[in-house]
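Each remark here refers to the structure printed beneath this line.
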């Protein structure tokens, strides 16, 4: 039986590289054995650690740039712990791509404000790179990148390249500094209000913990952003990714089917808070 | 005769509830009402208008102690600085009050947070028969209460010959295993037993713990057996034999048989009965250096 | 009886006495059955009955819980708690079908290498006599429907013959 | 149409057992349950409703969805084979409608769920009309009825002289060929449709009442157990986890299991790390009702409740869905 006939069956892949991104966060590079699939920034997939189970992760790789699929994985539960214990060469399962993607086409010609919190930055990485790779097609790019501590900032080795992009600004902040940190200290909302991007012809793209998304959206509204100018990707506990297991519902919508990328206008219609 | 006792108790509950609410002595009364299909069910009264709905008869099987912590919490918990602790009133039979004692001993609740509308218990009914555990019960009046409803009935408790436990013990180990396998096969892992039990208040039950995953997610006999055995063990010396678990079980599994076996061994080994006194630690929380125990 | 049956015994041994006792048995070349798989724990008081049940769940035919002799606990009173717990657990597990002979609680000091070997040998013999453990649920590793279906199939096959 | 005697029916069912798994209402200790039977004598023909719905024969409480064997870096994966052709005898009309609700979610919206779809395809449904609504039944409030044959392959109606046999599908026609009976004209006896009726509000009204204190009040007695969701013919939430079956050096055999789960469980939405977007009992109970009466109509065009009344029977705390619906309808 194939993965086409059985949506719960993963494809096999090989772990070709694991690199440390931050405290307890690693970037996993996985190549599918045989079959290939294409995906869009914002989509997600399940990764199986056989013997423990599978869990859903946003795709952090840039479509077309590398044949490997990349996932930034934080060690928090049993599946992520099992994945963290794997060595390159290990066989894993991959089920996807699932969900919708960022409206990168609709964002063309607009200024983009990317707001990433902690590991929530992972699915935003392909957004940043797509814009940088097609720099003429988008307006000004602001990247507001936050973490609780400096050691939790992800993709630090790419900051230089991001900063080097034309008409691009990168702002970093941490909730709590440490001895070596000389940058901004404070919540991403404070940083956002300081940077104060203009809502004029702009769109904000947000990913992070639910509580951050909530307050970032409020700050953006204060700055004059309308609901339809805010795009966010949500996370929820999932067991199937295809609208069956029931876990990720927000009202009649499912994060896995109708998301994970939502416009704030959609989110505010949810019958239940996602926080 | 039974009906008169029930009405007397019911009236007593209403009179007391009315007074408690009108004087603002408690924020909530946890009692029983008659559901739309005539069955008794838990009910929560916050104002005098609701008092008329409070009822009581010998089919009020729920152990309402399971709701107390939530309601105390909802009244502001013990957290309000300087203010007297919030209080709820609860309709409680002798076995229910022993469950309160267990919770008080374990620091889940303070005695002054509950106003006990204690029932002078004539025993509960299953159909028109007094339930077996009630026939054996020697405690017609709760170990503590703030108001006693009904007259302590003069009922001679049946001698407990432990026949039900002995029948299982008489089987071979293999037969016992098969007996329980057959019973647990019907279990649907709905956890109604656990949820109806005042002693099961863990924030996260080991049955749902993922890391370490003690039980696994399957609804198969070994997983179900594991759950029930562990639950019984966690209730060792704590189970007050109120039978709320068995009453809650939609599949009619004789869960109290597990608890009764445990209760008998606790009695025999340690001379202890659960919930009798909030100041006496349960047997597995203490020890005696000089005791001789068969191992 | 299955003569090829080699019982799997899981032994929870306290770090300070019984594990050292097992060590002593080893270094003094005292022979004891290789059936035991030893798990070192800080104290017999640390052995949650959950561990014992889990061992039986995962296929152990017998379980040994061993700690310091009463009065000798490294932590003062861990083994007193274990004593109470297992006096009760022993009887209860028997009630649900785990034969009392499959579980042994004992005290083995660091010096008692011979005694450790004897305890393991006795338990192994007893479990060998009792035969393989069928598992909680009497080997019914199935849902109610699957079990009922198997019964039905077995009965129907019987009828055909 | 033909009328068959109880004896003829029994003989026919016994013959079906030879090459089908026959599932029928059977007494298991104190409960009436759909269970495989080996002899028609085990079947209970006169009954109100079974304690649990028959959904487990399509969507089992636990099933292996993948078998994985790893030897070094070689991984083999496969799905377990299907047990065989099933016939369910004595299905009530509400349960057939329950399957329709599951079909909408598990088959009709692609990708179809392999496991459910193949069991569904391998199962024939022989319905048995209820002569009337039992206590707690409210199927007529939800578009069903005690003698509604929708979704069945064969429908039986008990009359004074025997069972009227209505074959509905091609599969049904083939099945009843072996059933002896007397050809007859006329209509099978109609069931008494009177009984409990409750107004079911449209999704917009549910939406408007989402934040009503009603839900808080209603959930007070709820114990947050899973009984209603497991007894329900349409609840289908599940969990997935791997289990190791056997392991040796360089070799491991794994089963990926899918098992029923319940949205009423506190652990249901709790993510690794502890965050729980639905921590309150009232939020969870509300979700169960909204899933059936608000979200399902919006997503699939139909309410996902069939009025079988089982959740009322099994609730240990006396939560009553009819009362819930009536109470909602009565809100200002």
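Protein chains in written order, with our numbering: chain C, 45 to 319; chain Y, 11 to 305; chain W, 6 to 166; chain F, 526 to 857. The beta-carbon is built from N, C-alpha and C at its ideal position, and this holds for glycine as well.
Nonlocal neighbours in the same chain, by C-beta distance under 8 angstroms from residue i, ignoring five residues either side
i                      : result
residue 235 of chain C : 188, 190, 215, 217 and 228
residue 14 of chain Y  : none
residue 145 of chain Y : 133, 167 and 168
residue 739 of chain F : 852, 853 and 856
residue 700 of chain F : 541, 612, 649, 651, 678, 679 and 692
Buried or exposed (CB count within 10 angstroms, at least 16 for buried), residue i
i                      : result
residue 173 of chain C : buried
residue 25 of chain Y  : exposed
residue 182 of chain Y : exposed
residue 166 of chain W : The predicted position of residue 166 of chain W is uncertain, since its pLDDT is 40 and thus under 50; no value can be drawn from it.
residue 255 of chain C : exposed
residue 90 of chain W  : buried
residue 587 of chain F : buried
residue 140 of chain C : buried
residue 281 of chain C : buried
residue 109 of chain C : exposed
residue 56 of chain Y  : exposed
residue 45 of chain C  : exposed
residue 241 of chain C : buried
residue 845 of chain F : buried
residue 804 of chain F : exposed
Distance between residue j and residue i (C-alpha atoms, nearest Å)
i                      : j                      : result
residue 103 of chain W : residue 129 of chain W : 15 angstroms
residue 645 of chain F : residue 628 of chain F : 9 angstroms
residue 55 of chain C  : residue 647 of chain F : 27 angstroms
residue 251 of chain C : residue 313 of chain C : 19 angstroms
residue 594 of chain F : residue 601 of chain F : 5 angstroms
residue 238 of chain C : residue 260 of chain Y : 59 angstroms
residue 181 of chain C : residue 103 of chain C : 23 angstroms
residue 66 of chain Y  : residue 52 of chain Y  : 11 angstroms
residue 164 of chain C : residue 225 of chain C : 21 angstroms
residue 737 of chain F : residue 726 of chain F : 15 angstroms
residue 300 of chain Y : residue 118 of chain Y : 31 angstroms
residue 206 of chain Y : residue 69 of chain Y  : 16 angstroms
residue 97 of chain W  : residue 139 of chain W : 18 angstroms
residue 306 of chain C : residue 728 of chain F : 22 angstroms
residue 35 of chain W  : residue 122 of chain W : 7 angstroms
residue 576 of chain F : residue 791 of chain F : 25 angstroms
Cβ-Cβ distance between residue i and residue j below 7 angstroms
i                      : j                      : result
residue 249 of chain C : residue 171 of chain C : yes
residue 136 of chain W : residue 107 of chain W : no
residue 217 of chain Y : residue 841 of chain F : no
residue 61 of chain C  : residue 167 of chain C : no
residue 723 of chain F : residue 818 of chain F : no
residue 114 of chain C : residue 71 of chain C  : yes
residue 778 of chain F : residue 771 of chain F : yes
residue 572 of chain F : residue 557 of chain F : yes
residue 831 of chain F : residue 758 of chain F : yes
residue 550 of chain F : residue 615 of chain F : yes
residue 196 of chain C : residue 67 of chain C  : yes
residue 175 of chain Y : residue 98 of chain Y  : no
Residues near residue i by beta carbon distance below 7 angstroms, same chain, minus five either side
i                      : result
residue 303 of chain Y : 279
residue 276 of chain Y : 246, 247, 282 and 293
residue 707 of chain F : 527 and 528
residue 596 of chain F : 775 and 776
Other residues of its chain near residue i: CB distance less than 6 angstroms, five sequence neighbours each side excluded
i                      : result
residue 665 of chain F : 718
residue 15 of chain W  : 42, 60, 65 and 68
residue 683 of chain F : none
residue 641 of chain F : 583, 584 and 631
Residue i Cβ short of 6 angstroms to the ligand MN heavy atom set
i                      : result
residue 799 of chain F : No copy of the ligand MN occurs in the structure displayed, which carries no ligand at all.
message: Report the start-end ranges of each beta strand (DSSP E) in the segment 214-300 of chain C that is 3 residues or longer and not cut off at the edges.
response: 246-251 and 274-277
message: Please give the ranges of any beta strand (DSSP E) in the segment 31-113 of chain Y, keeping only runs that are unbroken, at least 3 residues long and fully inside the region.
response: 38-44, 50-55 and 98-102
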